[in-house]
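Accompanying notes for the structure given below.
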Amino acid sequence: MKARVLQEQADLFEVGVLSQTAEVVAVSMEDLLASPAGPPIVVVGRLLAASQLTELRRFAVAAARAQAAILLVPPFNDLEIGRYFETPVEVRAQRRTSSESARIVDQSAAAVLGAVLGNAAKVRSDHYFETALGSGVVAVDEQGKPVLIRFHATNTSGPVFFSALQLLTYTALTDEGQRQATLAHLLSWVPEAQTKPTPPRDAALSAPGRGVSADAVVPVALLVAAGGAQSGEVLVRRASEFLGTDLSVTLVNDALAALAAQGLLQGTPGDWTPTPNGLREYLERLGLHAYLRELQAMLAIEERHA
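Just so we're on the same page, the working numbering is the position in the sequence shown counted from 1, plus 1.
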């Protein structure tokens, strides 16, 4: 199997470990942006830095559209990893004491790894992921915290594998055979969407309306679809608490107006409600149907305890 890495990371120790499992090809960022299709791209988290945020977002979008998988592994330079891949909710790596066990909870991974790993993998991790994402979790630690997540920006895009497991590190807390089996499984990912209809070219990032950022429209769309009509103040609070997104009432109102202008909401300002099927179908086109179900469950719990 093959894997690609960025030229600036080609000399890292972790890439040397990667070369024991895969044939590694080093490419420049410019070449990746120009021709992103191909083998999985392995990124060591040291690359994540605020100064490279814009370029890495472009890289993530290009890879997703080309259905190329990205595998992000520790160590992490910036723990706010979700912002580099524009996830709909926050994804943050949290440090903790070392763990040597990860339980596989994804059926497809368990089927592939079952003969080697059973339900548990002895692979070290010094972090877990703090996130509202639940769909796409592949493995959890002893406390049930995600340590391996498969995130798809849309139903037909390539995934980003967020790994807190030290898949490119030799350590006594890791079983070498299990580490390599897990790594090989992720590097052998094949697009499942090759036979599915292709969504509009900018579906994952475009907001329904001009002049309003998708960073505001998508969280508001999720919250209204999950909870119905809500005041601007409630949407601001819930966006922060449940989605890790900071919005103002003005941004919320602009997002609501943009959704209404596309026929996805009905009513009047201050009393918007989803149109039948419209808002749900919009979120499904973005591949967010699973997150909508999770958010509905969280809002139902909040309302029961209100």
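Using N, Cα and C, we set each Cβ at its ideal position, and we do this for glycine too.
**Prompt:** For residue 95, which three-state DSSP category applies?
**Reply:** strand
**Message:** Taking only three categories from DSSP, how would you classify residue 77?
**Reply:** In the three-state reduction of the DSSP assignment, residue 77 falls in the coil class, being assigned neither a helical nor a strand state.
**Message:** Alpha carbons only, please: which of 171, 104, 175 and 169 is nearest the one belonging to residue 1?
**Reply:** As displayed, the chain neither begins before 2 nor continues past 307, which places residue 1 out of reach and without an answer.
**residue 24 - partner residues in DSSP beta bridges** = Note: residue 24 sits in a beta bridge opposite 3.
**residue 84 versus residue 107: straight-line alpha-carbon distance, rounded** = Whole-angstrom Cα-Cα distance: 24 angstroms.
**Request:** Measure the C-alpha to C-alpha separation of residue 1 and residue 48 and round it to an integer number of angstroms.
**Result:** The structure shown has nothing for residue 1, since the chain only spans 2 to 307.
**Prompt:** For the alpha helix (DSSP H) that residue 191 lies in, which residues bound it at each end?
**Reply:** Looking at the DSSP string, residue 191 is not in any alpha helix (DSSP H), and its letter there is neither H nor E.
**Item:** Of the listed residues 298, 292 and 302, nearest to residue 89 (C-alpha basis)
**Value:** 292
**Prompt:** According to the Cβ coordinates, are residue 74 and residue 43 closer than 8 angstroms?
**Reply:** Yes. Within cutoff.
**Request:** Return the bridge partner residues of residue 267 from the DSSP annotation.
**Result:** 274
**Request:** Label residue 129 either buried or exposed according to how many other C-beta atoms from any shown protein chain fall within 10 Å of its C-beta, with 16 as the threshold for buried.
**Result:** buried
**Message:** Excluding the 5 residues flanking residue 34 on each side, which residues of the same chain have their C-beta closer than 8 angstroms to its C-beta?
**Reply:** 59, 60 and 63
**Message:** Using a 10 Å radius around the Cβ and a threshold of 16 neighbouring Cβ atoms, would you call residue 162 buried or exposed?
**Reply:** buried
**Asked** Between 218, 147, 29 and 239, which lies nearest to residue 132 when the distance is taken from Cα to Cα?
**Response** 147
**Asked** When we look at the beta-carbon of residue 167 and count the other beta-carbons within 10 Å, is it buried (16 or more) or exposed?
**Response** Counting Cβ neighbours within 10 Å, residue 167 comes out buried, since at least 16 surround it.
**Item:** residue 145 versus residue 126 - alpha carbon distance
**Value:** 13 angstroms
**Item:** Whole-Å CB distance - residue 279 paired with residue 268, under 8 angstroms assumed
**Value:** 13 angstroms between Cβ atoms; not a contact.
**Asked** What number of angstroms, rounded off, separates the C-alpha of residue 233 from the C-alpha of residue 221?
**Response** 10 angstroms
**With 16 other Cβ atoms within 10 Å as the buried cut-off, status of residue 91** = Per the 10 Å Cβ criterion, buried.
**Prompt:** What residues are listed by DSSP as bridge partners for residue 163?
**Reply:** Beta-bridge analysis with DSSP links residue 163 to 73 and 150.
**Asked** Leaving out five residues before and five after residue 190 in sequence, what residues of the same chain have Cβ atoms less than 6 angstroms from its Cβ?
**Response** 70
**Request:** Starting from residue 105, follow its DSSP beta bridges and name the residues at the other end.
**Result:** Residue 105 is bridged by DSSP to 140.
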